[in-house]
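Participant:
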Amino acid sequence: MSVILVFLLVIVGFAGWWLSHQRLMAKPWLEQGVIGDIIGPEGSALPTAKIGLGVFLAVVGCLFALFTSAYFMRMALSDWQALPLPRVLWFNTSVLVLSSIALQCASVAARRGQVDTVRLGLVTAGLTALAFLIGQLVAWRELTTDGYLLTANPANSFFYLITGMHGLHILGGLVALSRTTAGAWTGAPPERLRLSVELCAMYWHFLLFVWLAIFALLAGWAATFIEICLQLLT
Numbered sequence: 002m003s004v005i006l007v008f009l010l011v012i013v014g015f016a017g018w019w020l021s022h023q024r025l026m027a028k029p030w031l032e033q034g035v036i037g038d039i040i041g042p043e044g045s046a047l048p049t050a051k052i053g054l055g056v057f058l059a060v061v062g063c064l065f066a067l068f069t070s071a072y073f074m075r076m077a078l079s080d081w082q083a084l085p086l087p088r089v090l091w092f093n094t095s096v097l098v099l100s101s102i103a104l105q106c107a108s109v110a111a112r113r114g115q116v117d118t119v120r121l122g123l124v125t126a127g128l129t130a131l132a133f134l135i136g137q138l139v140a141w142r143e144l145t146t147d148g149y150l151l152t153a154n155p156a157n158s159f160f161y162l163i164t165g166m167h168g169l170h171i172l173g174g175l176v177a178l179s180r181t182t183a184g185a186w187t188g189a190p191p192e193r194l195r196l197s198v199e200l201c202a203m204y205w206h207f208l209l210f211v212w213l214a215i216f217a218l219l220a221g222w223a224a225t226f227i228e229i230c231l232q233l234l235t
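In the working numbering, the protein residues as written are 2 to 235.
1) Please classify Q82 as buried or exposed, where buried requires at least 16 neighbouring CB atoms within 10 angstroms.
2) Going by the beta-carbon positions, is the gap between L175 and A130 smaller than 8 Å?
3) Compare the Cα-Cα distances from F68 to each of G165, L178, T182 and G184 and report the closest residue.
4) Taking DSSP as the reference, what is the three-state secondary structure of V56?
5) Starting from the Cα of Q105, find the closest Cα among A217, W212, V211 and F207 and give me that residue.
6) Ends of the alpha helix (DSSP H) at G148?
7) Rounded to the nearest angstrom, what separates L200 and R113 at their Cα positions?
8) Excluding sequence positions up to five away, which residues of its chain have a Cβ less than 6 Å from the Cβ of A220?
9) Just curious, the alpha helix (DSSP H) that W81 is in, first and last residue?
10) If S108 sits next to A202, beta carbons under 8 Å apart, how far is it from one beta carbon to the other, in whole angstroms?
11) Give the secondary structure of W205 by DSSP, where H, G and I count as helix, E and B as strand, and everything else as coil.
12) Classify W222 as buried or exposed, calling it buried when 16 or more other Cβ atoms lie within 10 Å of its own Cβ.
13) For W91, does the three-state DSSP call read helix, strand or coil?
14) Taking A103 as the reference, which of V89, Q137 and T118 has the closest Cα?
15) Identify the continuous alpha helix (DSSP H) that holds P155 and give its terminal residues.
16) Compare the C-alpha of L123 against each of W186, N154, G62 and L172 and name the closest.
17) Going by the CB atoms, is the gap between R195 and A111 shorter than 8 Å?
18) Measure the alpha-carbon distance for I52 versus E143 and round it to whole angstroms.
19) Whose C-alpha, out of V139, G55 and V116, is nearest the C-alpha of F92?
20) Which whole-angstrom value is the C-beta distance of G159 and Y72, which I expect to be below 8 Å?
Quick look at the structure:
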């Protein structure tokens, strides 16, 4: 239960930081300027799509929090045998960071109307995300070749479950990213392209945060982090 609490507190902190950058807490009646500049073309300071994605990511965050809690509870039993961390996961982490950075650059370029930079950022993000998924498959293959099969040990099952769920979310994000990339190449309206790129960047940053938490969990660093957080809370 304490693991879920700490994870959710981190999610809330991340969400609070994001909302502070989205003008949700803005007071338009105290601001000066053209009304359309404050409210926006859709009549809201925060587009509905961003609110919907934020709710979805909150649900996904709770899902991974439950997985994390179950992981900690299960590893306390005597039959738990932690599997070695494949070295390729370090490479996978680095390319996912690059993918998130590329999307952030594309988001900034979309605000400035730099379409060529947007295209470059989207393509780079897509290729690095594909490299991440391929790297995850390589990690799975290495473990199965070494005898760490899905049903051989509870630790193995959790590894495949958690990394598989994260990989599915990356795959789903690639579908949306491909549509956004197609729009960038076919001349989508600037405001629509900007919103699509920002949504993709928001989704990717969240998945990067989740993966870093997963990586720390699988590497054995998360237990120390949880202990420190609990001491701070008490």
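Quick reminder that beta carbons are idealized off the backbone N, C-alpha and C, glycines included.
Facilitator: For this structure:
1) exposed
2) yes
3) G165
4) helix
5) F207
6) Premise fails: G148 is in no alpha helix (DSSP H) and is neither H nor E.
7) 16 Å
8) L86
9) Counting along the chain, W81 falls outside any alpha helix (DSSP H), and DSSP gives it neither H nor E.
10) 4 Å
11) helix
12) exposed
13) helix
14) T118
15) P155 to T187
16) W186
17) yes
18) 40 Å
19) V139
20) According to the sequence displayed, residue 159 carries Phe and not Gly. Rounded, the Cβ-Cβ distance is 5 Å, consistent with contact.
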